[in-house]
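See structure below.
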Amino acid sequence: MTEKMTEKTETIDPKDSIENIESATVRFAGDSGDGMQLAGTQFTNTTALLGNDLSTLPDYPAEIRAPAGSLPGVSGFQICFSSEDVKTPGDEPDAMVIMNPAALKVNINDLQAGGILIVNENAFKTLNLQKAGYETSPLEDGSLSKYRLIKIPITQLTLNALEEFELTKQIKERSKNFTALGIIFWLYDRPLEPTMKWVNEKFGKVPEVAKANITALKTGYNFASTTRIFSSHYSIKKAKMKSGKYRNITGNEATALGFVTATSLAEIPLVYASYPITPASDILHELAKHKTFGVKTIQAEDEIAAICAAIGASYTGSLGITGTSGPGLALKSEAANLALITELPLVITNVQRGGPSTGLPTKTEQSDLLQAMFGRNGDSPLPILAAATPADCFYMAFEAVRIAIEIMAPVIFLSDGYLGSGAEPFSIPNIKDLPKMKIKYHTNGKTFEPYKRDKKTFSRPWATPGTFGLEHRLGGLEKSDGSGDVSYDPANHQLMTDYRRKKVESLANSIPEIEVAGNKSGKLLVLGWGSTFGAISSAVEKEQKNGSDVSSAHLRYLNPFPKNLGKVLSSFENILIPELNMGQLSILINAKFHLKVIQLNKVQGKPFLIHEISEKIRLTLEGK
Amino acid sequence: MANKNNGNGSASTQLTKADFTSDNEVRWCPGCGDYAILSQVQKILPTLGVPKENFVFISGIGCSSRFPYYLDTYGFHSIHGRALPIATGVKVANPDLSVWVITGDGDALSIGGNHFIHALRRNPDINILLFNNRIYGLTKGQYSPTSELGKVTKSSPYGSIEQPIRPVNLALAAEATFVARSVDRWPHHLTDMIRKAYEHKGTSLVEIYQNCNIFNDGIFSDYTEKDVKDDNTIVLEDGKPLIFGKERDKGIILDGVTPKVVELNDGYTESDLLVHHENEESPVMAHILANIEFYGGPVPFGVFRSVDKPRYEEMLIDQMNDTIEKNGKGDIQNLLNSGYTWDVN
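What follows is the structure, given as structure tokens:
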């Protein structure tokens, strides 16, 4: 097939064959050691610089170093970039760069028919084919005929280009990701300079390696440009984006920055205590860097110690924050209730992953909503927030801090693996435009009662050790309203339980109402929460353009719900709830509003594709 | 920042025991060893020169963990086994506080065992008073991790089949910087140990043998009853030879790596005896002393080990201050603007 194509393309001058397209989705996939994350990141940075909107998602194995060439060792990176608004990393890639047979096997089913399939043919040797479970080479047996297969000897090209370099063969081979990147840069008409600049900074101390990587990059670019191996190449215009300064940001980075920003602006010291867990550890890594902001990080001995250290810090007047993923949240539940009954501010971040148990550590899921809602003993409501996009993690982390302090309660902030490691351009806010927060510590001994409540928020005073005259005892035993003495009085327990509920419920008055995108009433509302925002809103917009009577609404506050939610839901004939779990929001909606909703559930460790939701919308509207 | 009133408090010299007595009725069983410990703590606190508002007592769950309710200081009665990580968070948030953890054998060594070893190796400046009564009291009489093999209790009617944890051994293995033992019935010794624990900068562990007169009465009587205690115990004193016995006629020598009890009038003099050095960097000798019982020796009381090592919260804050000194205080807008950025016009 390649030969045929080469024959066909020989008559075309690549310089004249730039085709303008609106958007493209590209996936880089190879062995963990092939440098695909790096290639993807460099492609992303250059693309951002060109002014396209974009969204990215890395897909890496749970094993740190799975055997080279094996299926579990495949690492991928996908980017969707466009001249229009981009909300997801794309459904089916238009092009794939495949560095070995295992990567082909794992990824090929996602490539759209007719998609460009660039493979490193040097890696398709007997041993690698066997490791990937191929009996015959898929490059030769016609099994890839529905794609535009382009075989390139990427390893050999790299070695040839670096022949004169005084480096070992092994090191030279490592530059092959730059060769592949060069090819893709040509294919999508992107400049090499930003990557060359980055290479020189990154490998400045080993100039020979820097030079090798740049040589490989140019080799790939020139190979694509001069061999006319592609029928054309593509250009994507700048997207219309709000003017301002941007950076590309992952959800975990945004979460960490949200915490630092919120606590800095509120002038309260931040203590982040966490136990390493995938996919939440990056928040700890990020915060551990920010010592100049007075951020104190504790890598605790376990999940329980982490939340307890955070509680100790909050008790002492700092803001304690802990971060984890699903199994860790399970371990923290008893301590979360200690913060709840002692009414101390605390933020618990859960970067959800596939469960139950250890489940799918590196894959995404939204299946901890009911755990967040109910996974504690006793009647123990606490506020739950969820971010909609990687950049939104900044604002929701900020909001979690604000609420925890305002009502003196633990707040659960839900992110997930897809948001945590996915990235998108973040329009950097001016801190002057962010909400103001003020911390009030109680200092007056004359008026002090540990459980005397604020009339509006029902929060109790925050009196921290070291404050003269306010010595008092807190604890997990039920406390008497006002005095805070231990109390087993039946009426008091009812009263305190009611207060703890009211504290959370009355937040509905201060959180934003839910907004409907599209008609405010009609046949169908697609309701989502958390990271499904991109896929849902893209699908709904698409169906709206096709003339369908469908709207969407997205929840970022799960407890309490926005106060207009009931009214919004009742304005539609049908409610469709797509979730990456088996129907957890559906249960809550059904319980609260007695509404029978239509569910779309997926638990495959992957986010929704836009077309999966589109299809369900169409079927629902057709009454199927 | 919190604690603006630091140092604005009462002059500590004027404080008395009454200032540290809360208005909560003490609800331990009459005759419980906890009373004696509470009384010693209430007596010693006013003498430490710390403003009252700077004391924080944190406990887990168990009989002893009710302790903070009876002290008029800042107190936190937390959840089972977790007082130590909470205390670590408190100390990290405000190193000026005098942080105390009250815990029991079940709380510290069973459900909280993990936190126990990690607190000791990290060495934050907190004081741990471990009330060891070798039984679960609050749950009404099951064997604890320090109960002896064969112990008959409600949950071990045919005798416990578990080897006990020896808290001092465990603490030394975690390279705790201060390890001591006392007993509820020795008020002066107990006060001395609590004071030394306070004075030690770093995590201090005082194991306090405490009688549970309801479920495990008399378990420590060998060390507390007048006629037998002197022959069954040895008091460790820094720089002094290891002598014990009612007549002070017995001592301990080291035979190779084996401790041996010798009679002083049997050809041995004081100069032959092992001399205790609590500040020794290596924990090996402290381990040998802690295991003297295995060689027919008396049970040691006193300070096994007291060495100076950097404190967790100090290192954490030093690292922070060094970074600020080097790079200046962080600017949030600059932080947000950092990394790979681009402008859209």
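The listed protein sequences correspond, in order, to chains L and U. Oh and the first sequence: position 390 is 389 in numbering that gives the first Met the number 0, straight run, nothing missing. Oh and the second sequence: position 160 is 159 in numbering that gives the first Met the number 0, straight run, nothing missing. Where a beta carbon is used, it is the ideal one built from N, C-alpha and C, also for glycine.
Residue-level contact check: U/G238 does not touch chain L, since none of the beta carbons of chain L fall below 8 Å from its beta carbon. Annotation for U/C62: no alpha helix (DSSP H) segment contains it, and DSSP assigns it neither H nor E. Residue pairing of L/F222 in beta bridges, as defined by DSSP: absent, with no partner found. If you check each beta-carbon in the segment 338-363 of chain L against every beta-carbon of chain U, none falls closer than 7 Å. For U/R310, none of the residues of chain L pass the 9 Å Cβ criterion, the least Cβ distance being about 14 Å.
DSSP places L/V259 outside any beta strand (DSSP E); the residue lies instead in the alpha helix (DSSP H), whose first and last residues are 250-264.
When CB distances to chain U are screened at a threshold of 9 Å, the residues of the segment 284-307 of chain L falling below it are H289, K290, T291, F292, G293, V294, K295, T296, I297, A299, E300, D301, I303, A304, A305, I306, C307, in chain order. Per DSSP, the unbroken alpha helix (DSSP H) holding L/H610 starts and ends at 609-620. Put simply, the CB of U/N333 is far from chain L, with every gap to its CB atoms at 8 Å or more.
Taking the Cα of L/I597 as reference, the smallest distance to any Cα among L/I586, L/L575, L/L116 is reached at L/L575. Of all residues in the segment 407-424 of chain L, only P424 come within less than 9 Å of chain U when Cβ atoms are compared, listed by chain position. Under a criterion of Cβ atoms nearer than 9 Å, no residue of chain U is adjacent to L/K435; the nearest Cβ is some 14 Å distant. The shortest CA-to-CA distance from U/F214 to any of U/L148, U/C62, U/L70 is the one to U/C62.
Put simply, the backbone Cα of L/V96 is about 6 Å away from that of L/V118. L/P88 places its beta carbon less than 8 Å from that of L/L56.
Judged by beta-carbon spacing, U/R304 lies within the 8 Å limit of U/A175, meaning their Cβ atoms are closer than that value. Within the segment 89-111 of chain U, the residues whose Cβ lies closer than 7 Å to any Cβ of chain L are, in chain order, V89, V91, A92, N93, D95, L96. Counting along the chain, L/D415 sits inside the beta strand (DSSP E) bounded by residues 409-415.
Listed in chain order, the non-local C-beta contacts of U/K42 below 8 Å within the same chain comprise K16, T190, local neighbours out to five positions each way being set aside. At a cut-off of 8 Å, the C-beta of U/A86 has a neighbouring C-beta in chain L. Residue U/K153 holds the alpha-carbon nearest to the alpha-carbon of U/G140 among U/G329, U/R180, U/K153, U/L148.
Taking every protein chain shown into account, the CB of U/V283 has fewer than 16 other CB atoms within 10 angstroms, so this residue is exposed. L/F123 carries a coil assignment under DSSP once its states are collapsed to helix, strand and coil. L/K502 is the residue among L/L216, L/K502, L/K150 whose C-alpha sits nearest the C-alpha of L/T456. For L/E423, the enclosing beta strand (DSSP E) has its first and last residue at 422-426.
Under the 10 Å beta carbon count, L/K150 is surrounded by 16 or more other beta carbons and is classified as buried. According to the DSSP assignment, L/G533 belongs to the alpha helix (DSSP H) that extends over 532-544. Spanning the alpha carbons of U/P186 and U/G301 requires a straight line of approximately 13 Å. With a minimum length of 4 residues, the unbroken runs of alpha helix (DSSP H) contained wholly in the segment 73-127 of chain U fall at 82-92, 112-121.
Beyond the five residues adjoining it in sequence on each side, L/S324 comes within less than 6 Å, by CB distance, of I276, A279, V350, R352 in the same chain, given in chain order. Residue range 220-223 is occupied by the alpha helix (DSSP H) that includes U/S220. The residue among U/G250, U/N168, U/G105, U/Y339 with its C-alpha nearest the C-alpha of U/D229 is U/G250. Boundaries for L/Y271: no alpha helix (DSSP H) harbours it, while the beta strand (DSSP E) harbouring it runs 269-273, taken from the DSSP string. Residue contact check for U/M314 against chain L: no CB pair falls below 8 Å. Boundaries of the beta strand (DSSP E) around L/K522: 521-528. Between the alpha carbons of L/G521 and L/S537 lies a gap of roughly 19 Å.
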